[in-house]
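Numbering (the UniProt record's numbering), first residue to last: 1 to 534.
Down below is the structure, laid out as structure tokens.
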């Protein structure tokens, strides 16, 4: 079990939930729009067992939590709810042992020796639907396929014969809205701190139509998100490096934020015959991307609000992303000394501009949204086009900024880059917001016309509320789905229309239990019992 009393990191919105749940008719306040016929999926990092390295003074790493997927289903004005763990190889191994066997994120030195051949992937960062498959993903390992109707785990070979089911897969693939193709990548393809990166385009049938294998040198790093345009894929590198100096000591990390490293952006042509280029920016941490497009052979991003649109000699453009001024992951150490106080780290939403033909390898940014913010979302039907609406989780501007970003997001912002208007919505006192998701009102609706779906942490009531806003009136909540408990804060999620999801028979699989992976042994009293030898 997880013993939460010893660890402040397991309190408040980070308190583990550790349950499978089915609720047929969830309490609803207001009226769910009849246009919403589908499912909002989200995934949270929910540790099933405590990690023994916490006892040695290290803070818990959210990335270590086991993936647990939520499904809010809407039909005919009603809502149902499901919650299920992704039965990954690592979780099944630990359930058989009755305790944690894996240590720190991406730190095989801290794992129990019996699990060296078990895939160390928690499938805990994002959940999306592609090629008629519901995928729970995280950058440490392969995508896990789930039954979209029952949330039962099918396995980790989501694209048989196309992508190696033991290799890393990105936490942030993006769908090309013009072709329906999924653009994805994986890094550290040959193991910890290796330079190999693979970029894929996977069509609507689950077939890989583009693969490019590249290397990033002289040092590795974390490549968390990407942006796509019609002719380019951009991968973003955070300035983390591996330092194995004291990794054998209990509780020590091997991933460090390095203040001497720049942020890097890899510009990868979709034309496989054209060369890859790397652009660098000053030391900072790019996190999540938003809109992106190109025009006249250049790649364009959002024009920032509060600035007149002016022509520039270099024909600016590329994509917008949240950008932290320093280490936004305070649970990972800084190589040069103590991390700054999280309250002192700024996170703005900015536009990066690249001319693919330019000889310069660095450039300036323009602020799209200034102020603590994260989790930008756009109308993804307009990805790769000149879109102008972005929604973000942010700080309520009336409440000050003296708190860490990831523990203080208590409002939503709607940014219109054409008019420069920024509109805020606050869910109420003592509430926090999670990442929003957007569903268009109908297939051909104008950009941004539809419904915004956001999970709210109501700290006063100790419950979660899923709110639905009509984007035509951003200040009004048209419906609120009220859970009788509070879940752990999620990372990412997505809306999937019911027309894309097949019926239950289409995903008929065995009921998943701890026999899903019979080759995984049971560990008892530090001895391997049964299973194949690993």
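Virtual Cβ for every residue (Gly too), placed ideally from N, Cα, C.
Bear in mind that the values here come from a model prediction, so they are computed numbers and not experimental data.
- Tell me the start and end of each unbroken alpha helix (DSSP H) in the region 230 to 269 that is at least 4 residues and wholly inside, in chain order. At a cut-off of 4 residues, not a single continuous stretch assigned as alpha helix (DSSP H) sits fully inside the region 230 to 269.
- Query: In the region 86 to 112, which residue ranges form an unbroken alpha helix (DSSP H) of at least 4 residues, counting only runs that do not cross its ends?
  - Reply: The qualifying runs are 89 to 97.
- Looking only at C-alpha atoms, which of 275, 178, 413 sits nearest to residue 267? Residue 267 has its Cα closest to that of 275, out of 275, 178, 413.
- Message: Suppose you measure from the CA of residue 229 to the CA of residue 384; what does that come to, to the nearest Å?
- Response: Put simply, the backbone Cα of residue 229 is about 5 Å away from that of residue 384.
- Message: Quick check on the burial criterion: 16 or more other C-beta atoms within 10 angstroms. Buried or exposed for residue 244?
- Response: By the 10 Å Cβ count, residue 244 comes out exposed.
- Take residue 438 as the anchor and find which of 212, 492, 403, 144 has the nearest alpha-carbon. Residue 492 is the option with its Cα nearest to residue 438.
- When we look at the beta-carbon of residue 442 and count the other beta-carbons within 10 Å, is it buried (16 or more) or exposed? It is exposed - the Cβ of residue 442 has fewer than 16 other Cβ atoms within 10 Å.
- Message: Judging by CA-CA distance, which residue of 16, 68, 440 is the nearest neighbour of residue 153?
- Response: That would be 68, whose Cα lies nearest to the Cα of residue 153.
- Neighbourhood of residue 310 by C-beta distance below 7 Å, restricted to the same chain and skipping five residues each side: Note that residue 310 scores a pLDDT of 33, beneath 50, so its modelled location is shaky; the value from the coordinates is reported in the next line. Excluding positions up to five away in sequence, the list is empty.
- Item | N- and C-terminal bounds of the beta strand (DSSP E) containing residue 45 | Per DSSP, the continuous beta strand (DSSP E) segment holding residue 45 begins and ends at 38 to 45.
- Message: Is it buried or exposed, residue 440, if we count other Cβ atoms within 10 angstroms and call 16 or more buried?
- Response: Answer is buried; the Cβ neighbour count reaches 16.
- Run the CB neighbour count on residue 488, radius 10 Å, all protein chains shown included, and call it buried at 16 or more, exposed below. Buried, by the Cβ-count rule.
- Could you tell me which of 389, 255, 182, 112 sits nearest to residue 192, measuring between CA atoms? Closest option to residue 192, Cα to Cα, is 255.
- Query: CA-CA distance, residue 32 and residue 499?
  - Reply: Using only the alpha carbons, I get a separation of about 18 Å.
- Task: Could you name the residues of the same chain whose beta carbon sits closer than 7 Å to that of residue 74, not counting the 5 residues immediately before and after it, in chain order?
- Result: Cβ within range, chain order: 32, 36, 37, 38.
- Query: For chain D, is any of its Cβ atoms less than 8 Å away from the one on residue 143?
  - Reply: The structure shown contains no chain D; it is built from a single protein chain.
- Rounded to a whole number of angstroms, what is the C-alpha to C-alpha distance between residue 253 and residue 502? If you take the alpha carbons of residue 253 and residue 502, they lie about 44 Å apart.
- residue 24, DSSP secondary structure in three states: Residue state, collapsed to three classes: coil.
- Task: Would you mind sorting residue 105 into buried or exposed? The rule is 16 or more other CB atoms within 10 Å of its CB.
- Result: Result: buried.
- Message: Counting beta carbon pairs with one atom in the region 391 to 409 and one in the region 192 to 203, are three or more of them shorter than 8 Å?
- Response: The region 391 to 409 and the region 192 to 203 do not touch, with fewer than three beta-carbon pairs separated by less than 8 Å.
- Pull up the distance between the alpha-carbon of residue 130 and that of residue 451, whole angstroms please. Taking C-alpha positions only, residue 130 is separated from residue 451 by approximately 21 Å.
- Task: Express the C-alpha separation of residue 465 and residue 78 in angstroms, rounding to a whole number.
- Result: Cα to Cα, the separation comes out at about 15 Å.
- Query: Roughly how many angstroms lie between the CA atoms of residue 232 and residue 195, to the nearest whole one?
  - Reply: Roughly 21 Å between the two C-alpha positions.
- For residue 355, the nearest candidate out of 92, 107, 234, 134 (CA to CA): Nearest C-alpha to residue 355: 234.
- Does the distance from the CB of residue 265 to the CB of residue 352 come in under 8 Å? A Cβ-Cβ contact shorter than 8 Å links residue 265 with residue 352.
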